[in-house]
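The block underneath contains the structure these notes are about, expressed in structure tokens.
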Amino acid sequence: MKNRLFIKILLTYLALIFVLLGVLDFYLTRDVEKRQTDQIAKGLEERAELLALDIQPDVPLGETQRKVLAAHVPANARITWIEPHGVVLEDTNANPAEMENHAARPEFIEALQGRVGRSIRFSHTLHINFLYVAIPLESDGRIFGALRLAYPLSDLQQQIQVIRRRIWISSLLAFLLAALIGYLLSRSLASRIDALRKFSESIASGNFQQHITLRGHDELNVLAQSLNSTADQLYTLFQSLDAERAKLSTILDNTSEGVLVLDRDKNIVLTNRIFNALFNRRFPTAVGKPWFEVIRHAELQAFIDKTFESQSSATTSLALHDTPERFFQVTLVPVGKKEGRSALWIAVFYDTTELERLERVRKDFIANVSHEMRTPLATIQGYAETLAEGAVNDLERRGDFLERIRLQAERLGKLTGDLLTLSTIEAGKYPFKKSLQDLNRIITDAVIAVDGVARPSAVTVRYQPTVSSLPVECDPDAIHQVLLNLLDNAVKFSRPGGRIEIELRKIDRAVQVAVVDHGIGIPSTDLPRLGERFYRVDKARSRELGGTGLGLAIVKHIVEAHEGKLNIESHLGEGSRFSFTLPVAEH
Amino acid sequence: MHRHFEEELSELKQKLLSMGSLVERSLHQSIKALIERDAQMGLKVFDDEEPINRLQIEIDDRAMRLLALQQPMAGDLRLIASVVKINNDLERIGDQCVNITQRVLSLMHQTPISPLIDMPRMAAAAEKMLHDALDAFVNRNADLARTVLESDDTVDHLRDDIFQELVKYMSAHPEGVQAALDLLLISRNIERIADHATNIAEDAIFVVAGRDVRHHMEETSKEK
Ligand SMILES: Nc1ncnc2c1ncn2[C@@H]1O[C@H](COP(=O)(O)OP(=O)(O)O)[C@@H](O)[C@H]1O
Ligand SMILES: [Mg+2]
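See below:
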């Protein structure tokens with residue numbers, strides 16, 4: 115297979131040489147044969163001419179004449195005198211009376227017409243070719259017979275055999291030489307063509323960074339040259355394509371949206387990094403796979419099916435069942451429409467988790483505010499109506515009713531106060547009055563202030579200052595509020611008789627204040643949402659304990675306004691640690 | 011005819027994965043209903059029950075038709091057989107999700123046992139097992155399937171822990187017995203789901219082994 119070209123060239127070449135030698139042999143031997151025969155015939159003719167001079171018409175040969183004729187026999191010539199009717203009158207080798215009529219012999223017929231007759235015939239008695247030459251016997255312009263000389267060609271045959279052998283031997287030598295040259299030539303040709311083939315194959319397989327050099331200076335070299343420049347051009351072309359593609363995939367991988375490209379049969383053509391992070395974390399080489407093997411998401415599947423059917427772009431929102439749950443807006447757009455069906459579909463996944471979260475916070479907020487206000491308002495309304503309907507005059511219960519109205523109004527006041535604080539801080543309009551303060555003193559004040567709440571449930575708050583004074587730059591009222599809220603929570607969610615500690619720790623240029631309790635703790639799933647307005651682990655319990663659900667939100671905002679950070683750690687059933695940092699004032 | 015068979019097989023796989031995505035969604039929603047005490051979420055689970063059952067019957071029919079009409083060879087036979095088994099497991103998971111949701115709705119009428127203890131962790135583990143088992147099946151990844159088999163123990167341990175905790179809770183809070191019982195049953199449901207996910211992972215391994223066998227046969231038949 116590999117050497118077919120080589121063998122083909124060689125075989126053709128050899129066949130050509132073979133035919134040439136055959137033709138040569140044929141012509142050469144024929145030529146030699148003809149020339150030799152001519153020469154012999156000429157000799158015979160001359161001899162016959164001489165002999166004919168002695169022969170007279172109607173006169174039988176004398177004894178001397180016979181001897182002269184017979185003298186020719188050893189020279190292999192047989193001499194026959196034939197009269198015009200074909201009857202043999204004299205013959206050197208046989209008895210004329212026993213010989214058959216010669217009238218039909220071609221050389222004899224020729225001679226009777228006055229020309230020299232010649233013919234070659236095979237003698238069946240002697241198994242040899244004979245050359246016959248007959249000349250007319252003339253006297254006074256009248257032909258009275260023919261004299262024929264016969265000569266066996268066995269010698270000539272031998273001679274020709276020798277010549278032929280020579281021709282064959284030299285032909286064979288020539289053939290071998292030609293074959294050798296042909297072999298070398300075709301081998302080099304074949305190997306050069308093979309080199310070209312290999313080269314173009316490797317170009318076809320994408321290896322452009324190579325050149326071919328061929329021996330010689332013929333058309334194959336020109337071909338090699340042009341293949342080289344083709345490779346060069348392809349190389350530069352592919353380099354720029356590669357660069358383009360790298361640029362594209364870099365852009366795609368760094369966009370904040372997930373991108374998925376499907377072909378018309380919903381096989382995956384391309385995905386980017388974000389998409390893989392969303393749907394295909396474990397097997398990121400999704401290209402070529404059918405979509406349903408990669409996207410196992412009921413809504414998305416239904417959406418893609420429907421959009422493919424409609425053949426026009428569409429957008430939908432969906433949630434990814436992940437922890438934490440994530441939300442997406444997906445737009446699927448057909449591109450490259452052909453015969454009413456688009457060749458490619460591009461899906462873009464836009465992460466709306468944060469938007470979704472804000473939206474939920476906003477909705478919750480409104481619902482929560484209304485809900486929180488409704489109960490006290492309803493209570494106030496109820497007691498006010500009762501009073502208006504006559505209970506004003508019931509001196510015994512009037513005080514109790516008014517006290518209840520006052521309590522609910524107070525709660526409403528606290529709620530609106532908290533809301534107001536929160537919204538002014540959020541709007542950046544809270545008048546923080548920062549000055550140099552001793553953190554020790556603020557903490558001690560807060561511990562004293564919370565004592566009234568802690569005492570009924572026998573909860574103790576412990577704080578042991580390690581330094582006499584700890585200067586920080588802050589708004590003392592605001593930080594007091596922070597500590598009060600944290601301590602209040604710690605007391606509320608501690609078990610009766612529980613202990614609460616306040617810890618101080620210095621971290622770089624900040625001081626960390628931590629309120630640690632050993633109460634009920636917080637489930638880990640709730641931790642991230644703590645600090646959202648109204649977010650409570652257990653709404654009923656919080657409300658029962660007189661909470662508004664705004665405490666932590668206010669804490670978070672105040673701490674952030676002081677360039678600090680609120681940090682919550684908690685173990686369910688074991689307790690919680692709420693800590694915040696404040697920058698230390700340096701002097 | 012062979013081309014036709016390949017197409018039908020691919021469609022069968024697609025249907026099974028649709029079924030998988032529906033069941034995964036149901037599981038997620040039932041767990042979400044439990045954790046967030048979200049009745050709305052629970053109703054969605056009931057909505058999915060019907061399509062899941064319909065899809066299960068359709069997949070079964072398709073698989074049987076393929077088996078009867080095409081008489082597939084070793085590898086494909088294994089694949090179709092495991093599709094039938096996985097289909098069955100998925101449907102059972104769907105049923106468990108419905109059971110969970112019914113108990114969640116009943117829980118909502120009772121004062122909550124504020125900490126759900128390790129229930130969210132156990133549910134998340136079962137969810138991941140189902141997801142990974144299906145991933146392993148689609149991607150013919152036996153290693154991933156094996157990790158699913160290993161996680162089954164984790165789920166069993168969590169179930170035991172939850173059981174202990176709930177028993178303790180019940181003796182301390184007689185008024186919360188009903189709620190605790192509901193949670194106990196839910197933990198049983200989740201455990202069953204993990205078992206079905208384990209079955210699916212085993213089927214995934216079976217298919218991978220089957221593929222090797224088929225390759226082997228193709229080669230020997232080529233040599234003939
Ligand atoms: N120390 C704590 N231990 C346990 N849970 C806490 C603690 N502090 C706060 N929480 C949780 O965070 C919720 C929000 O707290 P907060 O914003 O202060 O609102 P409120 O105290 O009015 O309930 C509380 O309802 C409670 O569920
Ligand atoms: Mg509070």
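Sequences listed follow chains Z and D, in order.
All residue numbers for the first sequence refer to this note's numbering, where the first residue is 115 and numbers rise by one.
All residue numbers for the second sequence refer to this note's numbering, where the first residue is 11 and numbers rise by one.
All residues carry an ideal CB built from backbone N, CA and C; glycine is no exception.
Bear in mind the structure is a predicted one, so any value in this text is a computation, not a measurement.
Using 10 angstroms around the beta-carbon of residue i, count the other beta-carbons present and answer buried if the total reaches 16, otherwise exposed.
i: HIS238(D); result: For chain D, the structure presents residues 11 to 234; residue 238(D) sits outside this window and is missing.
i: GLY173(Z); result: The displayed chain sequence assigns Val, not Gly, to residue 173(Z). With fewer than 16 Cβ atoms within 10 Å of its Cβ, VAL173(Z) is classed as exposed.
i: LEU117(D); result: buried
i: ASN190(Z); result: exposed
i: LYS25(D); result: buried
i: MET132(D); result: buried
i: ARG262(Z); result: buried
i: ILE133(Z); result: The question names Ile, but residue 133(Z) is Val in the sequence shown. VAL133(Z) should be labelled exposed.
i: PRO632(Z); result: Contrary to the premise, residue 632(Z) reads as His rather than Pro in this sequence. Classification for HIS632(Z): buried.
i: PRO250(Z); result: buried
i: GLU358(Z); result: exposed
i: LEU299(Z); result: exposed
i: MET115(Z); result: A caution first: MET115(Z) carries a pLDDT of 42, below 50, which makes its placement in the model unreliable, though a value can still be read off. By the neighbour-count rule (16 or more Cβ atoms within 10 Å), MET115(Z) is not buried but exposed.
i: HIS331(Z); result: exposed
i: THR208(D); result: buried
Taking residue i as part of the alpha helix (DSSP H), name the residues at either end of that continuous run.
i: GLN150(Z); result: 118-166
i: ASN603(Z); result: 590-606
i: SER343(Z); result: 333-368
i: PHE393(Z); result: 387-393
i: GLY402(Z); result: From DSSP, GLY402(Z) is part of no alpha helix (DSSP H); its letter is neither H nor E.
Return yes when the Cβ of residue j is within less than 9 Å of the Cβ of residue i, no when it is not.
i: GLY296(Z); j: ILE123(Z); result: yes
i: ALA293(Z); j: LEU165(Z); result: no
i: GLY663(Z); j: GLU486(Z); result: yes
i: LEU203(Z); j: GLU212(Z); result: no
i: LEU270(Z); j: ILE154(Z); result: yes
i: LEU696(Z); j: HIS671(Z); result: no
i: GLU17(D); j: HIS141(D); result: no
i: ALA264(Z); j: PHE244(Z); result: yes
i: ALA260(Z); j: ALA288(Z); result: no
i: ILE460(Z); j: VAL373(Z); result: yes
i: TRP405(Z); j: ILE388(Z); result: no
i: ALA155(D); j: GLU212(D); result: yes
i: ILE103(D); j: HIS206(D); result: yes
i: GLU137(D); j: LEU37(D); result: yes
i: GLN80(D); j: ALA189(D); result: no
i: VAL483(Z); j: VAL586(Z); result: no
i: TYR577(Z); j: VAL567(Z); result: no
i: GLY228(Z); j: ILE257(Z); result: yes
i: ASP145(Z); j: ILE281(Z); result: no
i: ALA248(Z); j: VAL230(Z); result: yes
i: TYR544(Z); j: ILE519(Z); result: no
i: LEU119(Z); j: LEU303(Z); result: yes
Between which two residues does the beta strand (DSSP E) harbouring residue i extend?
i: PHE222(Z); result: Per DSSP, PHE222(Z) belongs to no beta strand (DSSP E); it is in the alpha helix (DSSP H), 220-226.
i: GLY231(Z); result: 231-237
i: ARG57(D); result: As written in the sequence, residue 57(D) is Asp, which differs from the Arg given in the question. Run containing ASP57(D): none in the beta strand (DSSP E); it sits in the alpha helix (DSSP H), 49-80.
i: GLY450(Z); result: 440-452
i: ALA416(Z); result: Taken as a continuous stretch (DSSP letters only), ALA416(Z) belongs to no beta strand (DSSP E), being part of the alpha helix (DSSP H) at 412-424.
i: PRO697(Z); result: 689-697
i: ALA457(Z); result: 455-465
i: HIS685(Z); result: 680-685
i: ALA654(Z); result: Note, ALA654(Z): premise wrong, no beta strand (DSSP E); alpha helix (DSSP H) at 653-658.
i: TYR246(Z); result: 242-253
i: ALA572(Z); result: Premise fails: ALA572(Z) is in no beta strand (DSSP E) and is neither H nor E.
i: LYS620(Z); result: 613-621
Quick one, what's near ligand 1 if you take every residue whose CB is closer than 7 Å to any heavy atom, in chain order? Going along the chain, the residues that qualify are ASN599(Z), ASP602(Z), ASN603(Z), ALA604(Z), LYS606(Z), PHE607(Z), ASP631(Z), GLY633(Z), ILE634(Z), GLY635(Z), ILE636(Z), LEU644(Z), TYR649(Z), ARG650(Z), VAL651(Z), ASP652(Z), SER656(Z), LEU659(Z), GLY661(Z), THR662(Z), GLY663(Z), LEU664(Z), GLY665(Z), LEU666(Z), ALA667(Z), SER684(Z), SER690(Z), PHE692(Z).
Validate contact between the segment 585-604 of chain Z and the segment 544-560 of chain Z using beta carbons, cut 8 Å, 3 pairs: Three or more pairs of CB atoms, one per stretch, sit closer than 8 Å, so the segment 585-604 of chain Z contacts the segment 544-560 of chain Z.
Are the segment 654-669 of chain Z and the segment 638-646 of chain Z touching, with three or more C-beta to C-beta distances below 8 Å? The segment 654-669 of chain Z is in contact with the segment 638-646 of chain Z.
Would you say the segment 95-111 of chain D touches the segment 153-166 of chain D, given that touching needs at least three Cβ pairs under 8 Å? Because the criterion of three Cβ pairs below 8 Å is not met, the segment 95-111 of chain D and the segment 153-166 of chain D do not touch.
Pairing CB atoms from the segment 598-607 of chain Z with CB atoms from the segment 532-539 of chain Z, are three or more of them under 8 Å? Segments in contact, no.
Does the structure place the segment 348-367 of chain Z close enough to the segment 451-466 of chain Z that three or more beta carbon pairs sit under 8 Å? Result no; under three Cβ-Cβ pairs closer than 8 Å.
contact_flag[the segment 312-327 of chain Z, the segment 341-350 of chain Z] where n(CB pairs < 8 Å) is 3 or more: Contact between the segment 312-327 of chain Z and the segment 341-350 of chain Z is present, because at least three Cβ pairs lie under 8 Å.
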